[in-house]
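Working notes, beginning with the structure itself.
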Amino acid sequence: MADCVYRSLFNVLECPNLKLKKPSWFRQPSAMAVFACVLVSYFIVTAGVIYDMIVEPPSVGQTVDEKGHAKPVAFLAYRVNGQYIMEGLASSFLFSLGGLGFIVLDKSNAPSIPKLNRSLLMFIGSLMVVVSFCMARVFMRMKLPGYLLS
Numbered sequence: 000m001a002d003c004v005y006r007s008l009f010n011v012l013e014c015p016n017l018k019l020k021k022p023s024w025f026r027q028p029s030a031m032a033v034f035a036c037v038l039v040s041y042f043i044v045t046a047g048v049i050y051d052m053i054v055e056p057p058s059v060g061q062t063v064d065e066k067g068h069a070k071p072v073a074f075l076a077y078r079v080n081g082q083y084i085m086e087g088l089a090s091s092f093l094f095s096l097g098g099l100g101f102i103v104l105d106k107s108n109a110p111s112i113p114k115l116n117r118s119l120l121m122f123i124g125s126l127m128v129v130v131s132f133c134m135a136r137v138f139m140r141m142k143l144p145g146y147l148l149s
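Its first residue numbered 0, the sequence shown is counted upward by one per residue in numbering that gives the first Met the number 0.
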């Protein structure tokens with residue numbers, strides 16, 4: 000059935016014979032340029048920039064302390080589906096830091112790296128992953144007090 004439709008359609012239509020050339024100024028981007036674009040886009044998406052553009056939340060909130068003074072608050076507590084702008088950026092930085100830690104750990108396995116540099120790379124990569132994980136848990140406890148406390 001579909002074959003008959005396509006055959007009758009392409010009997011009437013004819014593809015143009017175009018000879019297109021690639022522009023001489025267009026070059027393949029380097030691997031690091033592609034990596035930088037992917038990392039920046041990952042940061043933007045995990046920061047919730049699209050949510051921030053649609054909802055337009057404030058950059059930070061504020062709460063009143065016992066003396067009646069306004070105090071700035073970076074985390075929108077008790078709302079999992081809402082965020083302040085600074086909260087999203089800080090969380091996205093931590094996610095990106097953890098991802099970069101895994102990349103550093105992967106790069107420490109190259110065969111040509113000296114032992115001292117390998118040890119330093121493994122320490123730095125592990126530190127990045129652990130700090131990212133622990134701070135994400137702290138952020139989650141600030142967002143939902145009493146979460147994961149049993």
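Yeah, the Cβ is synthetic: ideal placement off N, Cα and C, and Gly gets one too.
Owing to the predicted nature of the structure, the values given are computational and were not obtained by experimental measurement.
Between F132 and the rest of its own chain, which residues show a CB-CB distance below 7 Å, the 5 nearest in sequence each way excluded?
Within the sequence shown, numbered from 1, the residue matching residue 132 stands at position 133. Sequence-distant partners of F132 (beyond 5 residues in either direction) whose C-beta falls short of 7 Å from its own C-beta, in its chain, are G97.
Distance, N80 Cα to C14 Cα
The count along the sequence shown starts at 1 and reaches residue 14 at position 15. The count along the sequence shown starts at 1 and reaches residue 80 at position 81. Those two C-alpha atoms are separated by around 50 Å.
May I have a chain-ordered list of the alpha helix (DSSP H) segments no shorter than 4 residues that lie completely inside the region 61-95?
Not a single unbroken stretch of the alpha helix (DSSP H) spanning 4 or more residues falls wholly within the region 61-95.
According to the neighbour-count rule (16 or more other Cβ atoms, all chains shown, within 10 Å of its Cβ), is V11 buried or exposed?
By 1-based counting over the sequence shown, the position of residue 11 is 12. Label assigned to V11: exposed.
Near L104, which residues of its chain fall below 6 Å by C-beta distance, leaving aside the five closest residues on each side in sequence?
Residue numbering aside, residue 104 sits at position 105 when the sequence shown is read from its first letter. Excluding positions up to five away in sequence, the list reads G124.
Would you mind stating whether G60 and S91 have Cβ atoms separated by less than 9 Å?
By one-based count along the sequence shown, residue 60 stands at place 61. By one-based count along the sequence shown, residue 91 stands at place 92. No, the pair does not count as a contact, with Cβ atoms beyond the cut-off.
What did DSSP end up calling V128 once you bin it into helix, strand or coil?
Counting from 1 along the sequence shown, the entry for residue 128 is found at position 129. Judged by DSSP in its simplified three-state form, V128 adopts helix.
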